[in-house]
Structure formats: structure tokens, C-alpha cells
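K.L.:
Here our numbering is used: the first residue of the sequence shown is 21, the next is one more, and so on.
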Amino acid sequence: MELIVRNATLVTPTETFRADLAVARGIIQAIGTPGSIEHAEAEKAEQIDGEGCYLLPGAIDVHTHFQLPMGDTVSADDFYSGTVAAAAGGVTTVIDFATHGPHETVKEAIEARRLEADGKAVLDYSFHAGITRADEATLAEIQTLPIPSLKLFMAYAMRLEDDDFLRILETAKAAGALAGVHAENGLLVDALRERFIKEGKTEPLYHYLSRPALVEAEAVSRALRLARLAEAPLYVFHLASGEALDEIAHARRQGHRIFAETCPHYLLHTADRYREPGGERFILSPPMKEESDRQRLWQGLANREIDVVATDHCPFMRAEKAGPFHQVPNGMGGTEVLLPLLYSEGVAKNRLTLNRLVEVLAANPARIFGLPGKGNLAPGMDADFLLLDPRGKKTITAAEQFSRCDYSPYEGWSLEGAIRMVFSGGRVLFREGRFVGDQRGRFLPRTR
Ligand code: URP
Ligand code: ZN
21 MELIVRNATL
31 VTPTETFRAD
41 LAVARGIIQA
51 IGTPGSIEHA
61 EAEKAEQIDG
71 EGCYLLPGAI
81 DVHTHFQLPM
91 GDTVSADDFY
101 SGTVAAAAGG
111 VTTVIDFATH
121 GPHETVKEAI
131 EARRLEADGK
141 AVLDYSFHAG
151 ITRADEATLA
161 EIQTLPIPSL
171 KLFMAYAMRL
181 EDDDFLRILE
191 TAKAAGALAG
201 VHAENGLLVD
211 ALRERFIKEG
221 KTEPLYHYLS
231 RPALVEAEAV
241 SRALRLARLA
251 EAPLYVFHLA
261 SGEALDEIAH
271 ARRQGHRIFA
281 ETCPHYLLHT
291 ADRYREPGGE
301 RFILSPPMKE
311 ESDRQRLWQG
321 LANREIDVVA
331 TDHCPFMRAE
341 KAGPFHQVPN
351 GMGGTEVLLP
361 LLYSEGVAKN
371 RLTLNRLVEV
381 LAANPARIFG
391 LPGKGNLAPG
401 MDADFLLLDP
411 RGKKTITAAE
421 QFSRCDYSPY
431 EGWSLEGAIR
441 MVFSGGRVLF
451 REGRFVGDQR
461 GRFLPRTR
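#1: Are P166 and G196 touching if we call contact CB-CB under 8 Å?
#2: Pick out the complete beta strand (DSSP E) segments inside the segment 274 to 352, 3 residues or longer, and give them in chain order.
#3: What do you reckon, are the CB atoms on D41 and L408 nearer than 8 Å?
#4: Could you check what DSSP says for R153 in three-state terms: helix, strand or coil?
#5: Suppose contacts are defined by Cβ-Cβ distances below 8 Å. Is P284 in contact with E236 by that definition?
#6: D210 lies in the alpha helix (DSSP H); which residues open and close that run?
#7: Quick check: the Cα distance between S241 and R314, rounded to an integer number of angstroms?
#8: Could you name the residues of the same chain whose beta carbon sits closer than 6 Å to that of R272, not counting the 5 residues immediately before and after it, in chain order?
#9: Candidates D182, L449, A175 and E223: which alpha carbon is nearest G206's?
#10: Please state whether DSSP places Y228 in a helix, a strand or coil.
#11: Using three-state DSSP, classify L397 as helix, strand or coil.
#12: Under a Cβ-count criterion, where at least 16 other Cβ atoms within 10 Å of its own Cβ denotes burial, should D182 be classed as buried or exposed?
#13: Reducing DSSP to helix, strand and coil, say where V142 ends up.
#14: Can you tell which of P122, P33, F405 and Y228 has its C-alpha closest to the C-alpha of M487?
#15: So is the beta-carbon of F257 under 7 Å away from any non-hydrogen atom of the ligand ZN?
#16: Let me check understanding here. Comparing Cα to Cα, which of L170, E219 and G446 lies closest to I388?
#17: Here's a check: name, in chain order, each residue in its chain whose Cβ is nearer than 6 Å to the Cβ of L180, leaving out the five neighbours to either side.
#18: My assumption, with CB atoms under 8 Å, is that L464 sits in contact with L362. Please give the rounded CB distance.
#19: Going by beta-carbon coordinates alone, are D144 and R462 separated by less than 8 Å?
#20: Just list the residues that DSSP pairs A438 with in beta bridges.
#21: Quick check on this structure: which residue in I326, I303 and T290 has the alpha carbon closest to the alpha carbon of L254?
#22: In terms of residue numbering, what span does the alpha helix (DSSP H) encompassing T191 cover?
#23: Taking the beta carbon of H270 as the centre, do at least 16 other beta carbons fall within 10 Å, making it buried, or is it exposed?
#24: Distance check for E296 and R460, CA to CA, integer angstroms please.
#25: When you compare only the Cα positions, how much space is there between A79 and V442?
#26: Comparing C-alpha positions only, which one of P232, Y286 and G299 sits nearest to F345?
#27: Counting along the chain, where does the alpha helix (DSSP H) carrying A132 start and finish?
#28: Give me, in chain order, the residues of the same chain whose beta-carbon lies closer than 7 Å to that of M178; leave out the 5 immediate sequence neighbours on both sides.
#29: So what's S241 in DSSP terms, helix, strand or just coil?
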């Protein structure tokens, strides 16, 4: 054995128990009651005392945008700073995006993204393929991609019309790939934006008012119906409103295979942020909604209508988050505080059980996105885990974050719980808040 974690409280989606856990060659070899791991095997191993801490599977953030070009800028974190920030918060796998440009094949886009990530990422990573057109060549490519999850847009310039959306869903289904959707009615957003700009209404609040809940709910409802027509499963990225969640809950009750993701900011902030000074810092799409939406999302998370919490990590520097709303680059950071916030605001406030936290941050993302070695703690699984001390406390400040962004949407928030150590493939990435890892993150082709 190379590593043994002793006396921790191990948490899976279904169980919580005191255990020792042993690792060799990056894989969990054994889990047993405290003291049960053989002495002869234990002698050469690094011993970690997990007394008083929870031992959790590493979180899988299935929604990051490292080094994403937007307008004339690029998101603040590259694959090095972004994955260090992710690891600081107990994330051990990320799924980012490779979206093909107008003159690029999907495979070329994936290769280009791999060149940006390989040798930089400090933890294992993969991509979703962003699909922006439904020509014959692209449909043919979808059938042989090494990454069986897609992202389709109903908003932005790269949005798909319904007929193309349907063709891609049918192709994805035949290929065993899962399509995901950014669901906002893009035509309606553009019309509302233009109206506000013409009227000189360009404060941050008008970003929100140009993308109200019904814009999301209508697009979700249409996407669900298109998925029904194609008899295909569908993953809804970054769900922001109760109205859209109701659509999903209804489709699921009818037996359709629909997966829903929300993000920490929809659980923890509301559109009130856009009414306050500095509201530009919170401009992202879909925007946060009202308090009733926030409550409905927490409810959906607890009652299993929502499957995954991921971050949509896409920060821009404070100086870039300025000006009229339509010129502010969309996105905010979050991967570094995903698990700490969900523990502190969710588990410590009795909104979620710890087992449910493991389910939505690790087990469900692994199952939905075809990562069989990830997302749980059991012999044979990758040794990706963290020690969380529930007695610890922390205050979030931009000055101390590992992300290169110079502000945090959670500045000054107090957290219950502190992450003591983070491991990827049995190697220590973080020890007491210090990065001690290396850039050996692997690209993960995924199973269909
Ligand atoms: O506003 C957001 N979500 N920015 C990131 C890029 C995207 O739209 O997914
Ligand atoms: Zn996104």
C-alpha cells in the first residue's frame, strides 16, 4: 500500500461509517473498519489520520469554462489556475467544453482544447462537445466522438433552430451520447435586449429583465418536447428558475429520462444582486431569479428533482465586469467554493444530508457522464477524495482564492467546515490550504 487514511468517517451516497481506506497505484484497494488494514501492508504506506473528519469522494464539476474566449476577452482561469482552484475546494474531476467554430470540426475543437489542458491540468478532466450546427459532416462526427456528451444552445449567436436541435438529438441518441442544453429562448432574449438598449436601460437589472424566468421555462419546455419526439434523454444545464424546474419535474413524472443541473449561485443569490451597486459582477446567463425560485431549487435538490450541482465557473476580472449590461462578459467563478458552500449552506443548515451532497456532487455526475472509476469510494475506484473537517471554519475572500479572478461572488461569507486534504489518484493535491500537486491531470475519454 502507498497510502492509508485512518479513522475517518467515510461517506457514500447511501452510507456513513468509520473506516480506514488503503490506496495503491492510484486506486482504492481496501476499505475496512478502523485498524483492520493488515500491519505488514500498512508499514510502508503514508499514514493519514482522518480522526474527526469526513472522507468524501472528490467532487466532479461537470460545468467549467477555463480559458473561454468571450468577445474581446477570455475567462480569467486557464487549465492550470482553474484546476488548482477546483482542487482547493475538493473538486477532483472537471468537465469543460470544446465547442467547434464555424470552420472547425468537432474533433479539431477537442484536439485544440486538449492542447490547452494537457500538461496544465492538475486533476483529471474531460469535455462536453459544443455542437453549433447540424450539417451532415457534424452529424457524422457525433457518432464517433470520444466524449459522449454534447451541449446545444437555444440562446446566443450559436443557437440551433428546433429542426436542427431535433436532428442532433436523434443522432446523439443513435450514438449513445447524451445531449445537454443551454435553455433560454434566444429570439425573445434578443428582442427584449434590443428594446431595453433602445430605451437607454442598460443597468445590470436589465440583463435580468431581458432573461426572465419564462424565457427559460419556455425553452426548457420546448427542449423537453423535442427530446420526447426524438425519444432521447436530455440534460438541462444551469437551471435557474422554479418555473423551468416544474416543467422538468412534470416530464420526469411521465417517465422521460431528463437530468437537471443547478449551480451554487442560483441556490445562494437572487436577482436582488442586480438591483444593488456592483450588480455587474453577477451578470451571467441565465441570470439569478427571485427568492421563490431559489427556495424551489433547494426543494428540488433535496427531493431528487435536480440531479447535479455544478458551477458554470467562468470568471472575468472585476475591471471587465463593467459598462452597459449588454457589453459585460457573461459568467462568474465558483468551482473553488462548490463543495464548501454546499456543505456549509446545505448540509450544515439541514437543507441536504451529507449522503445527498455526495450524490449530487460526485455519484450522479459520474453516472450521468460515463465516468465509472469516479464519484464514489469503493475498492477498484480511483483514489480521488478529500478530508473535510466539520469543526473547521473559513471566510471566503478573493485575496486568498486560487482562481486568478480578483473578486468573489461570495466575498466575506463564513463557511462551516474546512477542507484538510485533497487527493487525486492517491496523490496529495492540497494539504491544509497549500497546493502541493503537479500538472499530471489526465484527459478522460468516457463510456457511453
Ligand atoms: O454566463 C455564463 N453562463 N457564462 C459562461 C458561458 C456560458 O454561457 O455557458
Ligand atoms: Zn456554462
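Using N, Cα and C, we set each Cβ at its ideal position, and we do this for glycine too. All of these numbers come straight from a predicted model, not from anything done at the bench.
P.N.:
Here's the rundown:
#1: no
#2: 278 to 282
#3: Checking the displayed sequence, the identity of residue 41 turns out to be Leu instead of Asp. No.
#4: coil
#5: no
#6: G206 to K218
#7: 20 Å
#8: I278
#9: A175
#10: Y228 falls in the helix class under three-state DSSP.
#11: coil
#12: So D182 counts as exposed.
#13: coil
#14: Nothing about residue 487 can be reported from this structure: the residues present for the chain run from 21 to 468 only.
#15: yes
#16: L170
#17: L172
#18: In fact, because the Cβ distance is near 23 Å, the residues do not count as touching under 8 Å.
#19: yes
#20: D409
#21: I326
#22: D182 to A195
#23: exposed
#24: 42 Å
#25: Going by the C-alpha atoms only, they are around 10 Å apart.
#26: G299
#27: V126 to A137
#28: T152
#29: helix
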